[in-house]
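Asks: Structure in C-alpha cells, see below.
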Amino acid sequence: MAPRNDDAPTWRALEAEVRTRLADVAGDEAAAEARWIVLEASGASAAELATDADGPVGALAHHRVIAMLERRLEGVPLQYVLGSWQFRGLDLMVDPRVLIPRPETEVVVQVAIDALVARGARVGRTDPWAAGLTEYAVADLGTGSGAIALALAAELPDAAVWATDVSADALVVARANLAAIGSAATRVRMLEGDWFAALPDALRGELRLIVSNPPYVTDAELPGLAPEVRDHEPHSALVSGPTGLECVEHLVAGAPEWLEPTGVLVVELAPHQRDAALAAARAAGFTAEVRPDLTGRDRVLVA
1024 MAPRNDDAPT WRALEAEVRT RLADVAGDEA AAEARWIVLE ASGASAAELA
1074 TDADGPVGAL AHHRVIAMLE RRLEGVPLQY VLGSWQFRGL DLMVDPRVLI
1124 PRPETEVVVQ VAIDALVARG ARVGRTDPWA AGLTEYAVAD LGTGSGAIAL
1174 ALAAELPDAA VWATDVSADA LVVARANLAA IGSAATRVRM LEGDWFAALP
1224 DALRGELRLI VSNPPYVTDA ELPGLAPEVR DHEPHSALVS GPTGLECVEH
1274 LVAGAPEWLE PTGVLVVELA PHQRDAALAA ARAAGFTAEV RPDLTGRDRV
1324 LVA
C-alpha cells in the first residue's frame, strides 16, 4: 500500500466523483463505467482495489483517471477510453480503427460454433500453449479487431482460421490481438483484401465455415445512430450503402464457391433485414434461417 498522502483522494472518493460526473453521458451505466475507469487506472484487480478502497490515489494514477474521464465526457466510447474490451473471455485491444466488439457478435460466434459441432467439430478451450494440428478451414471476412476469428481459434482447437479485412489499419489491431489466444495464434492467418478476393485460391470449395459481421447500416441510417457510434466508430465498418444489404448480398452470392459441400455461412445482420437476407440466401441455393440475439431480435443468418 502506498504511503498515506492526506492531500490525495482515496480510491473510494475518486470513484464516487467519477460516477457523479459520468451521470449525464453514461446514465444508468455511470457506476459501472466509473468502476472500469478506476480499475484500469489503478492496475489492480477488483478484489485488490476493494481492500485498498480507502488508500490514497497516487499522482500518476489520479492523472490517468482524470484523462480517461475527460475523454469519456467528450463522448468517446468507454471501450476506446480503456483501450480494450472483453469478447468471449478474450481481452482485446480496441481503438477507433475497429468496431467495438458487441454481445450480438458473441452470439454470431456461438451460432457458428454450434453449426460446426453439428458437423462433428471438436470444441473447447484446451491448453492455450499447446497448438494442435488443423483438420478444417474457416474464414472470418471483415475481421476488424479479430474478435470473431480469434474466438473461433481459441474455442475450436482443430480449426485453421483465415481472417481478412480490406482495412490495413484494422489488421494492425487484429494482429496485435493475436497475443490474446496464446499458441492458438499459430492457426490464424490474417490477409488484407476485399471479402473473398483476399483468400487464396486453394481455399475454393474447402471452407467449412464462412462467418462475417459485415457493414449493414444504410447511408440514410448513419446520421440517426447514437453519437458514440456515429462520431467515433469507423464508418467503413458500419455503412454498407443505400440498402444496407450490399455486403450481406455479396457474401451470400459468393459463399457457395468457397464452402465445402456441407459448409455453413453465418452472417450478422440488422433485425429488419431478415426477410431480404433469407430471400438472397435462398436465391443462392441455400437452405437458410435467421437466429435471434440475446434480446430475441432477428440477428444471425445461417445458411
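Its first residue numbered 1024, the sequence shown is counted upward by one per residue in this note's numbering. Think of the CB as a built atom: it goes at the ideal place given N, C-alpha and C, for glycine as much as any other residue. Model, not experiment: these values are computed from the prediction.
So what does residue 1241 bridge to, in DSSP terms?
Replies: Residue mapping note: residue 1241 aligns to position 218 of the sequence shown, counting from 1. According to DSSP, residue 1241 bridges with 1264.
Asks: Tell me the DSSP bridge mates of residue 1235?
Replies: If you number the sequence shown from 1, residue 1235 lands on position 212. For residue 1235, which the question treats as bridged, DSSP gives the partners 1290.
Asks: To which residues of the same chain is residue 1119 closer than 8 Å at the C-beta, ignoring the five residues directly before and after it?
Replies: Counted from its first residue, the sequence shown places residue 1119 at position 96. The answer, listed in chain order, is 1103, 1255, 1256, 1257.
Asks: Go ahead and pull the three-state DSSP assignment for residue 1110.
Replies: Here the question's residue 1110 lines up with position 87 in the sequence shown. Reduced to three states, the DSSP call for residue 1110 is strand.
Asks: What separation, rounded to the nearest whole angstrom, lies between the Cα atoms of residue 1288 and residue 1226?
Replies: Translated into positions along the sequence shown, residue 1288 becomes position 265. Translated into positions along the sequence shown, residue 1226 becomes position 203. Computed Cα separation, rounded: 15 Å.
Asks: Three-state secondary structure (DSSP) at residue 1318?
Replies: Along the sequence shown, read from residue 1 onward, the residue named residue 1318 stands at position 295. Coil at residue 1318, not helix or strand.
Asks: Go to residue 1272, then tell me how far its beta strand (DSSP E) extends in each direction, as first and last residue.
Replies: Translated into positions along the sequence shown, residue 1272 becomes position 249. Segment 1269 to 1281 is the alpha helix (DSSP H) holding residue 1272; no beta strand (DSSP E) there.
Asks: Could you check what DSSP says for residue 1035 in three-state terms: helix, strand or coil?
Replies: Walking along the sequence shown from the start, residue 1035 turns up at place 12. Note: residue 1035 maps to helix in three-state DSSP.
Asks: So, using beta-carbon positions, are residue 1185 and residue 1142 closer together than 8 Å?
Replies: Position 162 of the sequence shown holds residue 1185. Position 119 of the sequence shown holds residue 1142. Result no, Cβ atoms of residue 1185 and residue 1142 do not sit closer than 8 Å.
Asks: Which residue from 1182, 1280, 1133, 1086 puts its Cα closest to that of residue 1145?
Replies: Position 122 of the sequence shown, counting from 1, holds the residue named residue 1145. Minimum Cα distance to residue 1145 is reached at 1182.
Asks: Go to residue 1074, then tell me how far its alpha helix (DSSP H) extends in each direction, as first and last residue.
Replies: Counting from 1 along the sequence shown, the entry for residue 1074 is found at position 51. It spans 1069 to 1074 - the alpha helix (DSSP H) in which residue 1074 sits, taken as one unbroken run.
Asks: For the candidate residues 1282, 1315, 1310, whose alpha-carbon lies nearest to that of residue 1291?
Replies: Position 268 of the sequence shown, counted from the start, is the residue given in the question as residue 1291. Closest option to residue 1291, Cα to Cα, is 1315.
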